Amino acid sequence: MKNIYTLLFFVGILLLNGCNNDEEVVPRPKGKNFAPQLKATVEENPTTKSGVIENNDYTQGEKFYWSNKDATTVFFRNSSMTDATQYKRMDYEANVAQDVQSKNCSFDVIQSESIDNGQYTVYGFFPATAWDIRTSYASFLEANIPAYQIQNQANSTHLGAYMLMKAQNTVTVDGSNPINLVYKHLASVLRFAVWNNSGNNNLKLANINVKLSSGKAVFATNAKLTDINAASLTVTNFSKVPALTLQLTGDARNFSTKDGKSQCEGYMAVLPTNTDVFVNSGDVIIELSLTDGTNNYLVTKTYNVGTNLYFLSNGIEQGKSYYFQLKIDALDLINMITGTSYTVGDYWPDATNPEGVVFWVKPGSLGAQGKVVGLNETYVSQWGADNDEQAAGVIGIRSVTDGATATRSMIAKYKSSGTFASDYPAFYYIYNTVNGGNENGAWYLPARDELKMLFAGYSGKKYESIVNWTSNSMPDYDSSECVAARTDFNSHLTAKGGMAINGSGNAVSEWYLSSSEISGYGNYYSFNFAMGLYSADPKNYDGNIRWIREF
Numbered sequence: 110m111k112n113i114y115t116l117l118f119f120v121g122i123l124l125l126n127g128c129n130n131d132e133e134v135v136p137r138p139k140g141k142n143f144a145p146q147l148k149a150t151v152e153e154n155p156t157t158k159s160g161v162i163e164n165n166d167y168t169q170g171e172k173f174y175w176s177n178k179d180a181t182t183v184f185f186r187n188s189s190m191t192d193a194t195q196y197k198r199m200d201y202e203a204n205v206a207q208d209v210q211s212k213n214c215s216f217d218v219i220q221s222e223s224i225d226n227g228q229y230t231v232y233g234f235f236p237a238t239a240w241d242i243r244t245s246y247a248s249f250l251e252a253n254i255p256a257y258q259i260q261n262q263a264n265s266t267h268l269g270a271y272m273l274m275k276a277q278n279t280v281t282v283d284g285s286n287p288i289n290l291v292y293k294h295l296a297s298v299l300r301f302a303v304w305n306n307s308g309n310n311n312l313k314l315a316n317i318n319v320k321l322s323s324g325k326a327v328f329a330t331n332a333k334l335t336d337i338n339a340a341s342l343t344v345t346n347f348s349k350v351p352a353l354t355l356q357l358t359g360d361a362r363n364f365s366t367k368d369g370k371s372q373c374e375g376y377m378a379v380l381p382t383n384t385d386v387f388v389n390s391g392d393v394i395i396e397l398s399l400t401d402g403t404n405n406y407l408v409t410k411t412y413n414v415g416t417n418l419y420f421l422s423n424g425i426e427q428g429k430s431y432y433f434q435l436k437i438d439a440l441d442l443i444n445m446i447t448g449t450s451y452t453v454g455d456y457w458p459d460a461t462n463p464e465g466v467v468f469w470v471k472p473g474s475l476g477a478q479g480k481v482v483g484l485n486e487t488y489v490s491q492w493g494a495d496n497d498e499q500a501a502g503v504i505g506i507r508s509v510t511d512g513a514t515a516t517r518s519m520i521a522k523y524k525s526s527g528t529f530a531s532d533y534p535a536f537y538y539i540y541n542t543v544n545g546g547n548e549n550g551a552w553y554l555p556a557r558d559e560l561k562m563l564f565a566g567y568s569g570k571k572y573e574s575i576v577n578w579t580s581n582s583m584p585d586y587d588s589s590e591c592v593a594a595r596t597d598f599n600s601h602l603t604a605k606g607g608m609a610i611n612g613s614g615n616a617v618s619e620w621y622l623s624s625s626e627i628s629g630y631g632n633y634y635s636f637n638f639a640m641g642l643y644s645a646d647p648k649n650y651d652g653n654i655r656w657i658r659e660f
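So the sequence shown is numbered by our numbering: it starts at 110 and just counts up by one.
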């Protein structure tokens, strides 16, 4: 699905227009066991929403069209299918000629089960790759949209990979006539029009980050339909993240003249939120990363939800588009991004005297900020004593994202104890050996989700782009690409005299300790570096540790 042009600034529910509503459909023979052809339309509904903008000329709708090879999966159910998991499945692809703009086109059958003639209730799901196809259709009704998306064209063509839609209709399969479905949007769109008013004509837009000043996780990457007839998504709480990132590449980075302004536009598909999600959640912060080929810049725009973003009072609503025009003046470019630009797998601080390997780069930092894992690791006999550390006043010990605070708080709490080394060997080793007795040293024991972040980088994946990864193994952890990436990462460690991850050879070689205590006595989170999943373990369990730091 693509956006061919966007001449006017607007915000509204996605207007989906096209050109050819009378396409020829080749009939199939009458009889049984033939998959019907499909004609599909995307719904038009011109409801508008307001946005942060300096010129309020955005009332026109955005035009989306089917693209060739857009894939949809369709379920057929009839009255004889009394079990909820019964259905006939067909997979279709859009057949659209090059350069044709069509909201209504025919779809070709790619694969299908045999189906008898008769009346069916038909359900279409788009895009096929976003929905979690499993044996039971109840599981299939879960869908994913990553919090990290990539735009490589100047328009919104890329949104076809993310724009969740569903269609439903009662049809008659007769072997001759196509079935007709109207697809309705289940996702929403954030559209950013960045206006370069700085006088620097060499600027290119690299990243757009959206987050809350409170750090609250409000944006979901996973949602579901409560049943096959549901018309609205239900967001799953476990999938919420604190930030959204859009990376622009290729021509998408370029500014061009539009409506008399030098502008670059970014488009991001998002899942709907709870209605009160932005209430008492702090300001909305939009970070723009830009480059002019010589210097890199970070421009931050802050908006108060109650005053500037009143249109978000109901949260992000399903099927709506939200428009932000963000002006960059010369003063905005004072904040330069400085420092060496790193990518995952680089030695830090350099290849001559490396202390570790980069495993994560902060979105929007253009490689200047990220995290490093140390070259080596060590075995420890236990996480710690059977004690409630949060109740004992250890700040951040139950955080699953901030191992630095937890590690330094544990060191401050127990550094003077004569039994620190035996009671808390992981924290003691980092304090005494890794940081050389500096209680505020840079290296620390990773929190649970920092170990997930490490495993993602170790496996060649961008952490923010992974969806549906909670207590289960990392999706595709055993793919040939991920296995090869881990082998390559380990070769970087060992080439400089370090130890490979999972390379200690001891009985617990796959299991690593996190800094994250679990509520109550006796447990902490460990992490398995063979499959990429975490576990709740007693604090007297042994394991290995790797230390990380920020740059």
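In this text, a Cβ means the ideal position worked out from N, Cα and C, and glycines have one as well. Computed from a prediction, not measured in an experiment: that's the story for all the values here.
- Under DSSP, the beta-bridge partners assigned to E396 are N318 and T409.
- In the displayed model, D200 falls within a strand according to three-state DSSP.
- With distances taken between CA atoms, K148 lies nearest to S211 out of S211, R186, Y196 and S189.
- L484 and A460 have their C-alpha atoms spaced approximately 12 Å apart.
- Its chain contains V303, W304, N305, N306, S307, L312, L397, L399 and V408 as the residues whose beta carbon lies nearer than 8 Å to that of I437, once the 5 sequence neighbours on both sides are disregarded; these appear in chain order.
- By the neighbour-count criterion, in which 16 or more other beta carbons inside 10 Å mark a residue as buried, G402 falls on the exposed side.
- Taking all protein chains in view, the Cβ of V388 is surrounded by fewer than 16 other Cβ atoms within 10 Å, so the residue is classified as exposed.
- Counting the other CB atoms within 10 Å of its CB gives T330 a total of 16 or more, which places it among the buried residues.
- Cβ-Cβ distances below 6 Å link G607 to L484 and N485 in the same chain, with the five nearest sequence neighbours on each side left out; the list follows chain order.
- I224 and P255 have their C-alpha atoms spaced approximately 35 Å apart.
- With fewer than 16 other Cβ atoms inside 10 Å of its own Cβ, D585 counts as exposed.
- Between the region 630-638 and the region 556-570, the count of C-beta pairs closer than 8 Å reaches three or more; the two stretches touch.
- Beta-bridge partners of L355 (DSSP): Q258 and I317.
- Counting C-beta pairs closer than 8 Å gives fewer than three between the region 345-352 and the region 259-276, which falls short of the contact rule.
- Nearest neighbour of D283 by Cα position, chosen from T150, L435 and P145, turns out to be P145.
- Between S450 and Y257, the C-beta spacing is not below 8 Å.
- One Cα belongs to T191, the other to S341, and the distance between them is close to 24 Å.
- E659 is classed as exposed because its beta carbon has fewer than 16 other beta carbons within 10 Å across all chains shown.
- Bridge pairing for Q434: A302 [DSSP].
- Unbroken alpha helix (DSSP H) runs of no fewer than 4 residues, entirely contained in the region 545-579, are found at 557-567, following chain order.
- Inter-segment contact for the region 544-554 and the region 515-522 is present: three or more beta-carbon pairs are separated by less than 8 Å.
- Along the length of the region 463-539, whole alpha helix (DSSP H) runs at least 4 residues long occupy 512-523, 529-532 and 534-538, reported in chain order.
- With the rule of 3 Cβ pairs closer than 8 Å, the region 649-659 counts as touching the region 616-628.
- According to the DSSP assignment, H294 belongs to the beta strand (DSSP E) that extends over I288 to H294.
- In the three-state DSSP reduction, T366 falls in the strand class (E or B).
- Straight-line spacing of the CA atoms in L442 and Y406 works out to 6 Å.
- A distance below 8 Å separates the beta carbons of Y232 and F184.
- Distances from the CA of Q427 to each of A180, D597, L334 and V414 were compared; the closest alpha carbon is that of L334.
- Residue state for N177 is assigned as coil, using DSSP reduced to three classes.
- By the Cβ neighbour-count rule, M640 is exposed, with fewer than 16 other Cβ atoms within 10 Å of its own.
- DSSP places E626 in the uninterrupted beta strand (DSSP E) bounded by W620 to E626.
- If you draw a 10 Å sphere on the C-beta of M445, you find fewer than 16 other C-beta atoms in it, and that means exposed.
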